[in-house]
Amino acid sequence: MKQPVIYFDHYMLRDIELKDANDMFVYGSDIEVVKFLSWGPYMDITEAYGSIKRYFLERPNRGLPVGYAIVDLESNQMIGTVDFHTIVEDGVVEAGYCLNKAYWNKGVMTKALRKLLEVGFYYHGYKKIIIGHADTNIGSKRVIEKNNFIFDYKDNEKYYNRFTGLHEPSSWYYLTKEQFK
Ligand SMILES: CC(C)(COP(=O)(O)OP(=O)(O)OC[C@H]1O[C@@H](n2cnc3c(N)ncnc32)[C@H](O)[C@@H]1OP(=O)(O)O)[C@@H](O)C(=O)NCCC(=O)NCCS
């Protein structure tokens, strides 16, 4: 399940490795970064090691690639992940992403997701990729829209906000290989 190494601008996508724990701890301990996610904030670096080991590196056992680390080639820093984390059904997977706050709003994730979609459709041969965001996560909504995902439905149960203890509205999208341009 190895994936090709991909380059765009001065960034590289390559498989996540244990050595990324330090850099993952940096953004994973930032409450603003994890506020819409189901994990974190990390309190110490062992938690970042643990998630790489148990969450990412175990993925091939579930038939998925381990996931891409996004690396800034100028600083050689690992600044986020973009990945397929769930098999929904045969040939259909769900994508997700997370980025160090210092890199937000520069178009990095829009481009990284575009590259992930290319790898998903043309290298792994997926037929459909789905993605979702909490309705309040406007940055993620824009990344999805800018990648021409097709709106599918809204859901009031699927997204659980562990900080408010409430199920909150989320929006779900899809893209098929035929629709991807
Ligand atoms: C969501 C996330 C990946 C976006 O990455 P990014 O590299 O900043 O995204 P981009 O720069 O490619 O695009 C962000 C877009 O959202 C817009 N945006 C961000 N916050 C916004 C806000 N509060 N209101 C309006 N627009 C907003 C930006 O202006 C940009 O849109 P534009 O190009 O039309 O101006 C990043 O914020 C992140 O890692 N968040 C934490 C983890 C997370 O929420 N993951 C997704 C779970 S579904």
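Numbering of the sequence shown is given in UniProt numbering, commencing with residue 1 and proceeding in unit increments.
A virtual CB, placed ideally from N, CA and C, is assigned to each residue, including glycine.
Terminal residues of the alpha helix (DSSP H) in which residue i lies
i	result
TYR27	21-28
GLY139	138-146
ALA112	108-118
Cβ shell of residue i (< 8 Å), same chain only, five flanking positions each side left out
i	result
LYS35	PHE163
LYS106	none
HIS167	ASN156, GLU157, LYS158, TYR159, TYR160 and ASN161
TYR123	GLN3 and PRO4
Assumed close pair residue i, residue j - CB separation to whole angstroms, cut-off 8 Å
i	j	result
ALA82	ILE16	The identity of residue 82 in the sequence shown is Val, whereas the question assumes Ala. Their Cβ separation, rounded to whole angstroms, is 10 Å, which puts VAL82 and ILE16 out of contact at 8 Å.
ILE70	VAL108	7 Å
GLY80	TYR97	7 Å
PRO41	GLY28	7 Å
Reduced DSSP secondary structure (H/G/I, E/B, other) of residue i
i	result
PHE180	coil
TYR42	coil
ARG162	coil
THR86	strand
LYS53	helix
THR81	strand
VAL34	helix
GLU17	coil
PHE149	coil
GLU47	helix
Element boundaries [beta strand (DSSP E), containing residue i]
i	result
ALA95	92-99
LYS128	128-134
TYR68	68-72
Beta-carbon proximity list for residue i, same chain, < 7 Å, skipping 5 on both sides
i	result
THR86	VAL93 and GLU94
VAL143	MET109, THR110 and LEU113
VAL26	ASN100
Cβ shell of residue i (< 6 Å), same chain only, five flanking positions each side left out
i	result
LYS177	PHE121 and LYS127
MET24	ALA48
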